[in-house]
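To start, the structure under review is shown below, and the notes come after it.
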Amino acid sequence: GSAYSPTVDIQGNVYIITEGRTINKYNPDGVLVTTLTIPSTSTSSVVRSLAVDAFGNIYAISAVAGAGSGGQLIRWEPDDELEYIVKYNIALLGSPTFFKLRFNVLWLVTELPYGGPSQSRLEAWGFLDSPTPLRLWSRYLPHPAYGLDLGSSGHIFVASGANPDRIPDVGEGGLDPGV
């Protein structure tokens with residue numbers, strides 16, 4: 037089967053997406069200790085990316101097959117027995133493609149093909165420990181967006197390729213969100 041997007045937490049556990057809908061957690065000795073399946077109403081949903089914070093919470097984005105068909109932001113939280121429970125499962129507009137987690141802010145790129153030229157959007161989500169996080173900020177980007185990284189200086193880097201349908205002023209003025 038397929039396995040991708042490995043992530044390592046501060047304790048050395050490894051998290052891997054397998055078969056598109058499952059997240060496996062392996063301890064530092066390589067023993068499978070947890071398997072999570074994304075909660076979804078669509079059998080065509082796939083986990084695109086995942087992250088783990090310092091407290092062991094697992095964050096994942098999933099997308100329904102088909103450009104702009106929607107997606108989810110999911111957070112699993114370990115309980116006292118280190119079993120994982122879903123803390124939230126938020127429906128997203130567009131198809132989530134990339135995300136990064138830093139300082140309790142989740143940065144997310146989605147693809148939005150709503151009539152006319154396709155667009156990408158960068159969003160910042162905060163209050164991640166609350167029952168429902170809040171979208172703090174968003175900005176349209178040149179489409180398609182291929183990646184996302186956060187510099188130690190606070191700069192946001194998004195890769196974007198050529199697109200003949202691009203709206204000329206999308207993304208003009210930079211990406212300084214002030215958060």
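Every position in the sequence shown, counted from 1, becomes a number in the numbering used here once 36 is added.
Just so it is clear, CB atoms sit at the ideal spot from N, CA and C, and this is done for glycine as well.
If you're wondering where the values come from, they're calculated on a predicted model, not measured in any experiment.
Outcome for residue 90 when other beta-carbon atoms lying within 10 angstroms are tallied against a minimum of 16 = Locating residue 90 in the sequence shown gives position 54, where the first residue counts as 1. It is exposed - the Cβ of residue 90 has fewer than 16 other Cβ atoms within 10 Å.
Ends of the beta strand (DSSP E) at residue 83?
-> What you label residue 83 is simply residue 47 of the sequence shown in a count that begins at 1. Its beta strand (DSSP E) spans residues 81-88.
Does DSSP put residue 168 in a helix, in a strand, or in coil?
-> By one-based count along the sequence shown, residue 168 stands at place 132. Here residue 168 sits in coil by DSSP.
Where the beta strand (DSSP E) containing residue 185 begins and where it ends | In the sequence shown, residue 185 corresponds to position 149, counting from 1. Annotation: the continuous beta strand (DSSP E) that includes residue 185 extends over 181-186.
Under the rule that 16 or more other beta-carbon atoms within 10 Å means buried, what is residue 179, buried or exposed?
-> For this step, residue 179 is matched to residue 143 along the sequence shown. Here residue 179 is buried, its C-beta having at least 16 other C-beta atoms within 10 Å.
Taking the CB atoms as reference points, tell me whether residue 110 and residue 167 lie closer together than 8 Å.
-> Your numbering for residue 110 matches position 74 in the sequence shown. Your numbering for residue 167 matches position 131 in the sequence shown. At the C-beta level, residue 110 and residue 167 stay beyond 8 Å of one another.
Quick one: what's residue 132 bridged to in DSSP?
-> Translated into positions along the sequence shown, residue 132 becomes position 96. DSSP lists 146 as partners of residue 132.
Mind checking whether residue 177 and residue 161 have CB atoms under 8 Å apart?
-> The residue labelled residue 177 in the question sits at position 141 within the sequence shown. The residue labelled residue 161 in the question sits at position 125 within the sequence shown. In this structure, residue 161 does not lie closer than 8 Å to residue 177 by Cβ.
Is DSSP giving residue 47 helix, strand or coil here?
-> By 1-based counting over the sequence shown, the position of residue 47 is 11. When DSSP states are grouped into helix, strand and coil, residue 47 belongs to the coil group.
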